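J.:
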Amino acid sequence: MSASANTPLLGRRGLLLVLSSPSGAGKTTITRRLVELEGGDVAISVSHTTRPKRPDEIDGRDYHFVDKAAFARLRERGEFLESAEVFGHWYGTARDPVERALGTGRDVVFDIDWQGSQQLARALGDDVVRVFILPPSLEALEQRLNRRAQDSPAVVAQRMSRAGDEMRHYDEYDYVVVNTALERAVDEVRSILRAERLRRDRLRGLGEFVTGLTTEAKAPTR
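Remember, the working numbering sits 136 above the position in the sequence shown when you count from 1.
Structure (structure tokens):
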């Protein structure tokens with residue numbers, strides 16, 4: 137449901153919904169499902185990365201795949217809101233499309249790690265809503281990593297080793313969702329999005345709207 141359906145007489149500044157989790161906990165799947173359900177009301181932020189493209193990935197849809205030299209040039213020109221090195225590869229969020237979306241009242245959802253989340257919060261403050269996705273157990277996390285068959289056993293072990301450090305950053309986030317079942321986790325994230333859209337400080341023209349209502353209420357009736 138869009139914000140306009142909830143507040144048809146008021147405009148709204150967009151928000152940035154950040155989903156973070158250790159690898160395999162479900163942030164990417166939840167992000168894509170959320171965008172499917174919300175339709176045109178939510179845009180997904182497509183990061184730049186120096187990581188090699190996987191066989192099922194499409195440039196421009198999953199990531200903007202660039203080499204390290206191109207990534208470094210973009211970063212030096214200040215074109216990223218955030219950037220971080222993860223498992224030897226660089227990831228970054230382009231500034232311009234995000235700021236345009238915010239200005240037009242459109243929400244943007246991010247699938248980034250805790251380092252990127254910290255940088256976004258410093259750059260855009262109250263526009264950022266952060267949600268940390270936790271697995272129900274470490275056993276479930278390892279099973280999901282093995283089931284998706286994207287990484288070698290050595291890489292899976294590396295991701296599991298890093299998971300503990302990543303999860304210790306949960307207290308930097310506004311909300312925490314435990315991904316015990318995908319559709320339930322998606323519904324909980326959508327509930328967070330709905331509530332954040334209705335925050336008083338996100339609504340444009342609210343003061344004038346209320347003034348009009350109170351003025352009408354004081355007007356004498358005939």
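Cβ atoms here follow ideal geometry from the backbone N, Cα and C, with glycine treated the same way. Please read these numbers as outputs of a predicted model, since none were measured by experiment.
Skipping 5 residues on each side, what residues in its chain have a beta carbon closer than 7 Å to that of glycine 359?
T.: Here the chain has residues from 137 to 358 only, and residue 359 is not among them.
J.: Helix, strand or coil for phenylalanine 223? Go by DSSP, reduced to three states.
T.: If DSSP states are grouped into helix, strand and coil, phenylalanine 223 belongs with coil.
J.: Are glycine 164 and glycine 228 close, meaning C-beta to C-beta below 9 Å?
T.: The residue asked about is misnamed: residue 164 is threonine in this sequence, not glycine. No. Outside cutoff.
J.: Whose CA, out of Ser181, Val202, Gly214 and Val267, lies closest to the CA of alanine 161?
T.: Val267
J.: Using C-beta distances below 6 Å, list every residue in its chain close to arginine 190, excluding the 5 sequence neighbours before and after it, in chain order.
T.: none
J.: For serine 288, does the count of other Cβ atoms within 10 angstroms reach 16, so buried, or fall short, so exposed?
T.: exposed
J.: Count the CB pairs spanning the stretch 167-177 and the stretch 313-323 that are closer than 8 Å, and state whether there are at least three.
T.: yes
J.: Counting only the same chain and skipping the five closest in sequence on each side, list residues whose C-beta sits under 8 Å from that of leucine 318.
T.: Exclusion of the five residues before and after leucine 318 leaves Gly162, Thr165, Ile166 and Arg169 as the residues of its chain whose Cβ lies within less than 8 Å of its Cβ.
J.: For serine 274, which of Ala205, Leu153, Gly261 and Ser297 has the nearest alpha-carbon?
T.: Residue identity check: residue 274 is leucine in the sequence provided, not serine. Looking at the Cα atoms, Ser297 is the closest of the given residues.
J.: Which residue marks the beginning of the beta strand (DSSP E) containing leucine 382, and which one marks its end?
T.: No information on residue 382 is available, as it lies outside the stretch 137 to 358 that the chain covers here.
J.: Looking at C-alpha atoms only, which residue of Gly196, Val182 and Leu217 is the closest neighbour of alanine 259?
T.: The candidate whose alpha carbon is nearest that of alanine 259 is Leu217.
J.: Considering only the alpha carbon of each residue, which of Pro158, Asp263 and Glu193 lies closest to asparagine 315?
T.: Out of Pro158, Asp263 and Glu193, the CA that lies nearest to the CA of asparagine 315 is found in Pro158.
J.: Nearest-angstrom Cα distance between glutamate 193 and arginine 333?
T.: 31 Å
J.: Note down, one range per segment and in chain order, each beta strand (DSSP E) of at least 3 residues found wholly within the stretch 231-314.
T.: 243-247, 264-270 and 311-314
J.: Between the Cα of alanine 276 and the Cα atoms of Ala230, Val292 and Glu308, which residue gives the shortest distance?
T.: Val292
J.: At the level of alpha carbons, what is the spacing between methionine 137 and phenylalanine 246?
T.: Bear in mind that the predicted position of methionine 137 carries a pLDDT of just 41, short of 50, making it too unreliable to give a figure here.
J.: Going residue by residue through the stretch 146-195, where are the continuous beta strand (DSSP E) segments of at least 3 residues, counting only ones entirely within it?
T.: 152-156 and 178-180
J.: So, glycine 252 versus valine 154, is the Cβ gap smaller than 9 Å?
T.: Yes, the Cβ-Cβ distance between glycine 252 and valine 154 is below 9 Å.
J.: Using 8 Å for Cβ pairs, my map puts tyrosine 199 next to valine 178. What's the rounded Cβ distance?
T.: Not quite, the Cβ-Cβ distance comes to about 18 Å (not below 8 Å), so this is no contact.
J.: How about glutamate 302 and aspartate 249: are their beta carbons less than 9 Å apart?
T.: yes
J.: What does the alpha-carbon distance come out to for the pair alanine 139 and serine 327?
T.: Unreliable positioning characterises alanine 139 in this predicted model, as indicated by a pLDDT of 44, which lies under 50. A coordinate reading is not provided.
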